[in-house]
Structure formats: structure tokens, C-alpha cells
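Notes follow the structure.
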Amino acid sequence: MTAAAARRAALAAQGLDAPVRAGASADRGTLKRLVRRLGLLQLDSVNVAVRAHYAPPFARLGGYDRDVLDALAWPQTAADRRRRAFVEFWAHEASLVPVEDWPLLRWRMRDNTARTSRWLGSALEHRPDILDAVHDAVAVHGPLEAREVEEVLGHAGERKARAYGGWWQRSDVKVACEHLFATGVLTTGTRRGFRRAYAVTEHVLPPEVLARDPDRDEAMRELTRRAAAALGVATEPDLRDHYRLPPAESRAAVAELVDAGELVPVEVAGWDAPAYRSAGARVPRRVTGRALLAPFDPLVWFRPRTERVFGFEYRIGIYTPAHQRTHGYYVFPFLLDGQLVGRVDLKTDRAAGVLRVPAAFAEPESVQRGADQPRVAVEMADALRDMAAWLGVGDVVVEGGPLAPALSRALARADAG
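Under the numbering used here, the first residue of the sequence shown carries the number 19, and numbering increases by one thereafter.
Here is the structure:
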């Protein structure tokens with residue numbers, strides 16, 4: 019397989035091989051199909067531009083209603099709760115997964131049950147019955163945030179700093195809530211201001227989902243199968259990373275799917291590892307369209323794959339000290355006609371009602387990739403305008419970066435037109 023064909027297959031699998039249809043609207047069914055196609059949406063607490071889980075649907079569907087996604091994931095009404103489509107669990111990282119996929123992660127819940135963390139051990143020392151007490155409080159009064167559980171129980175217990183770095187402190191109750199979440203006893207009933215409100219899992223998921231309990235090997239094969247469908251063409255580490263599977267079990271699952279004819283081994287020119295094509299993968303002859311890709315978009319979240327497929331070195335700035343950042347804090351790669359041709363640091367200034375661009379860049383190789391700098395600027399300007407409208411802010415303000423002059427001119431021309 020040529021590297022270009024593998025790249026087109028990857029983009030097609032991700033739903034990024036054609037322009038967003040003008041005027042299209044994403045209803046519940048459209049969002050459900052998209053998340054099933056991707057396998058999951060990663061969650062993250064950073065809200066500099068837009069929360070991580072909202073951005074991948076926007077890149078593929080355009081300006082959809084985020085309230086529709088919220089109702090599918092964190093329903094507030096009885097009617098919505100009956101139609102819940104997504105549930106939270108540790109999949110890639112903290113993620114939204116289709117409700118029907120929750121049983122495929124039971125093996126991880128069992129692993130977490132057998133693994134008592136230092137935090138939880140300390141909480142049990144302070145109050146040996148804390149797991150039962152938290153469960154009972156949530157069962158009777160839930161959904162409850164951790165602070166609300168503390169109020170029900172009458173105290174928070176000891177607070178211990180995070181084991182690495184001491185970024186924040188968590189009470190014994192919060193640690194117990196997270197342990198029960200990681201073991202599948204509790205789940206997220208809803209979110210309030212993006213704070214997790216815990217609920218007993220049996221009160222959230224339908225009986226037919228709770229009744230499913232695939233064995234570990236079956237779950238590994240199914241998750242690998244879904245990762246392959248989401249990635250199109252991938253190495254075994256790529257497939258493993260999608261759901262963060264154990265290496266040995268991932269390799270075994272890949273071998274079994276190859277034997278079954280569901281994965282086809284391929285050599286991709288320039289790739290430094292064997293690759294596998296999903297038997298149903300589509301390889302379009304041409305890829306068009308543009309998209310701003312958030313740092314946690316599944317097309318770019320595994321950095322070795324991003325570099326291999328697109329020749330695009332990408333590191334997220336939020337984990338890097340300010341003086342070491344090369345492109346900014348919350349940087350979106352810019353996809354144009356199947357290539358990553360630029361990147362833009364973004365911040366939504368809600369108080370001022372603008373989408374700020376602290377820095378914008380065109381890739382030095384963008385001309386070789388078929389997009390000169392003026393075109394990158396024009397297309398990026400249009401994409402930023404679309405994002406600003408979707409976020410409900412009135413303007414785009416460019417502040418810096420090598421592409422800033424061309425990007426500002428493109429935005430000004432659009433305003434004048």
C-alpha cells in the first residue's frame with residue numbers, strides 16, 4: 019500500500035474524507051452513528067477553546083447543537099434517561115462510549131477491582147466501611163457529586179495530595195467514588211457544570227446491557243475489531259492505543275482477527291512497522307475538505323501515528339512549561355484536503371465574545387502538500403469563522419504567529435465581502 023492510500027483510508031474511516039455538507043444538521047441519530055463509528059469520545063476537563071468531546075463531532079458534522087450530545091450522554095429528564103446513548107468509562111482515557119459497549123470493558127473493571135490504589139488504601143484506613151457507605155448514599159440519594167456524598171455522610175475524611183506532583187487534593191469520599199466508578203459499581207448519572215454526579219450503574223444502564231458479560235478474550239477481539247474499523251489502516255500499537263489494551267492481549271487479538279480474515283496484513287511504504295487494514299476499510303481515490311482538529315481528536319491523539327501517517331510532529335502544549343511550548347497552549351492541527359497543513363492555538367474568550375488566535379502557523383512543507391500559504395490562510399480563516407459561529411462568539415481575533423498577517427488579511431476580506 020502506498021503511504022497516500024493508507025492516509026486516505028485512515029481519513030475515510032474517521033469520516034474526514036469529504037467536506038461538511040452545508041446546512042446539514044446533526045440530530046440524535048447522526049451523533050449516535052458518529053460515536054459508534056469513532057468508538058468513543060475522549061473527555062478532558064480543559065475548557066480553553068471548547069471541551070474535548072464536543073470538538074470531534076464539529077470537525078466531522080459542522081455546527082451541531084451541543085445540547086443534543088449532552089442529552090445523549092448526561093440526560094436531565096426521565097424521557098432522555100430512557101434514551102441514553104452514551105456512558106462514561108475509562109476506554110482510551112476518560113471517555114464517552116456507546117452504552118452497548120460498556121460490557122466490553124468489564125475486564126478493566128475487574129482489573130481495577132483487584133488493584134487497590136494507595137489513595138483508596140489510605141481512605142480505608144480512615145474509614146473501613148467507606149465503599150459501602152458511599153455506595154449506599156448514592157443508591158438512596160443519587161445522582162450525587164462527591165461533595166454531596168460528603169454532606170450525606172457528614173464528613174469528607176482526610177484529604178491527600180495527588181501522588182505525583184500534588185496538583186490537587188481529593189477527599190477520602192472522592193477517592194472512594196472514583197474507585198467505585200473504575201470498578202463499574204458507580205457510573206456518571208449526569209454532569210453539572212462538568213462535575214461528575216455519580217449514580218449506581220444498575221440505575222443507569224438497561225438490564226440487557228448489564229446482563230452481557232463477554233469473556234476477556236472475546237472483549238479484546240471485539241475492541242480490536244472496533245479500533246480497526248475506526249482507524250482504517252493501522253499498526254498493532256495504533257490498534258492497541260485506541261482502547262489502551264494490554265500489549266500481549268492486543269497482539270493475540272490482532273493475530274486472531276488476521277486468521278479470521280477480518281484484518282488484512284499490509285506493508286505501507288515508509289512505515290516502520292507491519293500494518294493491518296480492516297477488511298471493510300474504504301480507500302477513496304481523493305480526499306477533500308477542511309477541519310480543525312482538537313488535541314484529543316482520535317485522528318491525532320496517538321502522536322506516533324500522527325507523525326507516521328501525516329509527517330506531522332505534534333505535542334500538546336498544556337503539559338509543557340510555557341517557555342518550552344513551540345506553538346502554544348491548546349493547539350488545533352488544521353486538516354485540508356487530506357493533509358495537515360497548519361496549526362492554530364485557540365482560546366474562546368467568552369467574556370469578550372471572541373475566538374482568540376494567540377498563534378497561527380502554516381507547515382513549512384505545506385506547498386509540497388498541495389496548499390500554499392495564502393490558501394492555508396483563506397481556508398483556516400473560513401474554518402475559524404465557522405467555529406466562532408458554532409461557539410456563539412462574534413469575531414475571530416488573530417494575535418500572533420507566522421501565519422498571522424495572511425490569516426488577518428483573509429478574515430478582513432471575508433468581513434468586507
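Every residue gets a Cβ at the ideal spot worked out from N, C-alpha and C, and that includes glycine.
For residue j and residue i, the rounded distance between their alpha carbons
i: Pro351; j: Ala155; result: 44 Å
i: Leu228; j: Glu106; result: 14 Å
i: Asp315; j: Ala377; result: 20 Å
i: Arg213; j: Glu163; result: 7 Å
i: Arg343; j: Gly335; result: 6 Å
i: Gly412; j: Ser426; result: 15 Å
i: Ala270; j: Ala340; result: 42 Å
i: Arg333; j: Leu171; result: 43 Å
i: Ala151; j: Leu122; result: 28 Å
i: Arg234; j: Gly207; result: 26 Å
i: Ala401; j: Arg308; result: 7 Å
i: His260; j: Ala434; result: 44 Å
i: Leu29; j: Ala312; result: 15 Å
i: Glu226; j: Glu118; result: 9 Å
i: Ala215; j: Gly418; result: 40 Å
i: Ala96; j: Glu166; result: 21 Å
i: Asp147; j: Ala132; result: 18 Å
Three-state class that DSSP yields for residue i in the structure shown
i: Leu257; result: helix
i: Trp92; result: coil
i: Arg213; result: strand
i: Val272; result: helix
i: Arg431; result: helix
i: Tyr182; result: In this prediction, Tyr182 has a pLDDT of 34, which is less than 50 and means its spatial position is unreliable; nothing more can be read from the coordinates.
i: Tyr347; result: coil
i: Leu162; result: strand
i: Gly33; result: coil
i: Phe199; result: helix
i: Trp319; result: coil
i: Arg5; result: The first residue shown for the chain is 19 and the last is 435, placing residue 5 beyond what the model contains.
i: Pro10; result: Here the chain has residues from 19 to 435 only, and residue 10 is not among them.
i: Asp277; result: helix
i: Glu106; result: strand
i: Val170; result: helix
i: Pro376; result: strand
i: Pro423; result: helix
i: Val416; result: strand
i: Arg188; result: strand
Residue of the options minimising C-alpha distance to residue i
i: Ala370; options: Phe379, Val415, Asp355; result: Val415
i: Glu267; options: Val115, Glu254, Pro292; result: Glu254
i: Glu397; options: Phe379, Leu409, Val411; result: Phe379
i: Leu429; options: Leu257, Leu409, Pro392, Asp277; result: Pro392
i: Leu52; options: Pro232, Ala248, Asn65; result: Ala248
i: Val272; options: Val251, Asp290, Val286; result: Val251
i: Gly80; options: Ala44, His110, Pro423; result: Ala44
i: Asp62; options: Arg243, Pro116, Glu166, Tyr348; result: Tyr348
i: Pro74; options: Ala97, Phe328, Lys50; result: Lys50
i: Leu87; options: Val115, Trp108, Glu111; result: Val115
i: Ala23; options: Glu169, Phe328, Trp92, Gly410; result: Phe328
i: His144; options: His173, Ala132, Glu166, Val117; result: His173
i: Ala103; options: Phe330, Asp256, Leu59; result: Leu59
i: His221; options: Gly160, Arg303, Arg69; result: Gly160
i: Arg368; options: Gly346, Leu353, Ala407, Leu281; result: Ala407
i: Gly346; options: Phe76, Tyr337, Gly410; result: Tyr337
Proximity test, residue i beta-carbon vs the ligand COA heavy atom, cut-off 7 Å
i: Asp400; result: Absence of the ligand COA from the depicted structure is noted, as is the absence of any ligand whatsoever, leaving it without description.
Beta-carbon proximity check, residue i vs residue j, cutoff 8 Å
i: Arg78; j: Leu34; result: yes
i: Leu204; j: Thr219; result: yes
i: Lys8; j: Ala67; result: An answer regarding residue 8 cannot be provided, because it is not within the stretch 19 to 435 covered by the chain.
i: Val284; j: Arg300; result: no
i: Leu358; j: Glu381; result: yes
i: Asp190; j: Ala157; result: no
i: Val193; j: Leu138; result: yes
i: Gly57; j: Arg239; result: no
i: Gly360; j: Val305; result: no
i: Arg403; j: Ala422; result: no
i: Arg46; j: Leu90; result: yes
i: Ala200; j: Trp108; result: yes
i: Val394; j: Val375; result: no
i: Thr20; j: Ala287; result: yes
i: His153; j: Leu198; result: yes
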